[in-house]
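Input: a single structure, listed below in structure tokens.
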Amino acid sequence: SLCKDLLRAAEKLAEEDQDDRARAMLTRIAPLAQGKDRQRIAALTAELSANKKQGDLDEVAEEQEADATRALIEFESEHYEFAANLEPEVVELVADTMDDIYGSYVQIYFDGKAKKASLPRATIRVHATWDAMAAEYPGGASPGLGGWWSPGENRVVCYDTRDRSGSLDEMLDTLFHEASHQFMTMLASGSQVPSWLNEGTSCFFEGAVAMA
Numbered sequence: 028s029l030c031k032d033l034l035r036a037a038e039k040l041a042e043e044d045q046d047d048r049a050r051a052m053l054t055r056i057a058p059l060a061q062g063k064d065r066q067r068i069a070a071l072t073a074e075l076s077a078n079k080k081q082g083d084l085d086e087v088a089e090e091q092e093a094d095a096t097r098a099l100i101e102f103e104s105e106h107y108e109f110a111a112n113l114e115p116e117v118v119e120l121v122a123d124t125m126d127d128i129y130g131s132y133v134q135i136y137f138d139g140k141a142k143k144a145s146l147p148r149a150t151i152r153v154h155a156t157w158d159a160m161a162a163e164y165p166g167g168a169s170p171g172l173g174g175w176w177s178p179g180e181n182r183v184v185c186y187d188t189r190d191r192s193g194s195l196d197e198m199l200d201t202l203f204h205e206a207s208h209q210f211m212t213m214l215a216s217g218s219q220v221p222s223w224l225n226e227g228t229s230c231f232f233e234g235a236v237a238m239a
């Protein structure tokens, strides 16, 4: 009963954007939690962690601009392989954020059962500019294209959105969206998924950080 009360208090703190206090409370009650409470704690902790890392990412991004000549960085995180024309510190922050989002999607799509997330580690390719990304798109890219998920290649392709908007926010929205497609692919196990459900779910999760 005490655990449930404190969990509700932590959720209210998170709703009021008091993330540090919410994280501290979750750390204290996590060892006591069981069943669904444990899952709620894990999901909220991941969301709060993603919030913090996006804040760090915004600070880094404000000081830098997209650079078409930036070297390709290859980096392996817990759940993804990155090939990105970004600064090394930005790649690491994006990787940490995506690992947290991966954990949240495991909770949402597979009820916290990580073994059901059966695909090998996916690749995230971040091009330096929109033009560089568009050149890779089969059949020619529309002007509004932000990226795509290729299930056959187990690969996400996107670009450094500072090239157009001056911010990395749109890139993160795209990554959250495409990672949802990744999990829908795993959930469907080769079956067809109605586009309204697949795209609707992915668009919903673009707002994951805002909703946290």
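Residue numbers (this note's numbering): 28 to 239. C-beta: ideal position from N, C-alpha, C; glycine also.
1. Please work out which residues of its chain come closer than 7 Å, Cβ to Cβ, to Cys30, disregarding the five sequence neighbours upstream and downstream, and give them in chain order.
2. Is Gly139 helix, strand or coil when you go by DSSP?
3. Is it true that the CB of Phe109 sits closer than 7 Å to the CB of Val118?
4. Using the Cα positions of Asp46 and Leu40, report the straight-line distance between them to the nearest angstrom.
5. So Ala36 is in the alpha helix (DSSP H); what residue range does that whole segment cover?
6. Hey, could you find the ends of the beta strand (DSSP E) Glu108 is sitting in?
7. Do three or more CB pairs link the region 120-137 to the region 164-174 at distances below 8 Å?
8. Among Glu105, Asp127, Phe137, Leu99, whose alpha-carbon lies nearest the alpha-carbon of Pro115?
9. Does the region 154-170 come into contact with the region 206-223, if we say contact requires no fewer than three beta-carbon pairs (one atom in each stretch) closer than 8 Å?
10. Give the DSSP-derived three-state secondary structure of Ala159 in the structure shown.
11. What does Ala149 pair with, by DSSP beta-bridge criteria?
12. Just the C-alpha distance for Phe137 and Pro165, rounded to the nearest angstrom, thanks.
13. Reducing DSSP to helix, strand and coil, say where Gly174 ends up.
14. If you run the structure through DSSP and keep just helix, strand and coil, what is Ala237?
15. Here's the rule I'm using: 16 or more other beta-carbon atoms within 10 Å means buried, otherwise exposed. How should Thr188 be labelled?
16. From Ala36 to Asn112, what does the alpha carbon distance come to, in whole angstroms?
17. Ordered along the chain, which non-local residues of its own chain (more than five positions away) have a Cβ less than 7 Å from that of His208?
18. If I measure Cβ to Cβ from Tyr107 and keep anything under 8 Å in the same chain, skipping five residues before and after, which residues do I get?
Based on what the coordinates show:
1. Ile56, Leu59, Ala60, Asp64
2. coil
3. Yes.
4. 7 Å
5. 29-42
6. 107-111
7. no
8. Leu99
9. no
10. helix
11. In DSSP, Ala149 forms a bridge with Tyr107.
12. 32 Å
13. When secondary structure is reduced to three states using DSSP, Gly174 falls in the strand class.
14. Any reading at Ala237 needs caution, since the residue's pLDDT is 47, under 50, leaving its predicted position unreliable; the model's value is listed next. Correct three-state label for Ala237: helix.
15. buried
16. 41 Å
17. Trp176, Asn225, Ser229
18. Closer than 8 Å at the Cβ level, and outside the excluded window around Tyr107, lie Ala122, Met125, Asp126, Tyr129, Arg148, Ala149, Thr150, Ile151.
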